[in-house]
Amino acid sequence: MRKTKTVYFGAGWFNEKQTKAYKDAMDALKTNPTIDFEDSYVPLDNQYKNIRVDKHPEYLHDIEWASATYQNDLIGIKSSDIMLGVYLPKEEDVGLGMELGYAKSCSKYILLVIPDEYYGKPINLMSWGVCDNVIKMSALKDFDFNNPRFGFYDGAVY
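Sequential numbering from -2 applies to the sequence shown in the numbering used here.
This is the structure we're talking about:
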């Protein structure tokens, strides 16, 4: 398999569960043979002026930083082949919801990835409706991004 597809990596990192899912998904993507990880877009690695607000939260009040980071993320979605969203039921990240909607408006293929321990639990109707497929985290390392397909989610929506 060839590393031909890039992804926009949408994921929350605001609490312990999100941080673990973020790391697990990153590790899986780095080993996936169909992902061009080096050219993929990871928002946390593309903060304006390399200022990471998880280390410098005072920049959340800086309009220049916020505007430029937001615009760069939109460019990241537009320039990536696929939108990947790491999703935790009952712990939705509002930013991920916006990214999913924007990716849909850009006609991107959208893949939701749910940690195995949460897979099957009810997810938000809008997040479910916007995506093309939902997979378990354990399937991410072997997912063929060169041949994406539609798939249903085995859980309910709310």
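Where a beta carbon is used, it is the ideal one built from N, C-alpha and C, also for glycine.
These figures come from a predicted structure and were not determined experimentally.
CB-CB length for residue i against residue j, believed under 8 angstroms
i	j	result
K27	F142	In fact, because the Cβ distance is near 13 angstroms, the residues do not count as touching under 8 angstroms.
P86	I120	5 angstroms
Within 7 angstroms, strictly: CB atoms of residue i and residue j
i	j	result
Y155	V131	no
Y84	I111	yes
E43	N12	The question names Glu, but residue 43 in the sequence shown is Asn. Against a cut-off of 7 angstroms, the Cβ pair of N12 and N43 comes out as no contact.
G73	Y38	yes
Residue i versus the options, residue with shortest Cα-Cα distance
i	options	result
L122	E89, S76 and F6	E89
A100	V127, F11 and L85	V127
V91	R(-1), K0 and Q15	Q15
S135	K17, A22 and A8	A22
W10	P145, D51 and I79	D51
S124	A65, M80 and K17	M80
Helix, strand or coil at residue i according to DSSP, with G and I counted as helix
i	result
N47	helix
N130	strand
G117	coil
K27	helix
F34	helix
K2	strand
Classification of residue i by the beta-carbon crowding that lies within 10 angstroms, buried from 16 upward
i	result
F6	buried
L137	buried
A153	exposed
L97	buried
S206	No answer is possible for residue 206: it lies beyond the span of the chain, which begins at -2 and ends at 155.
F147	exposed
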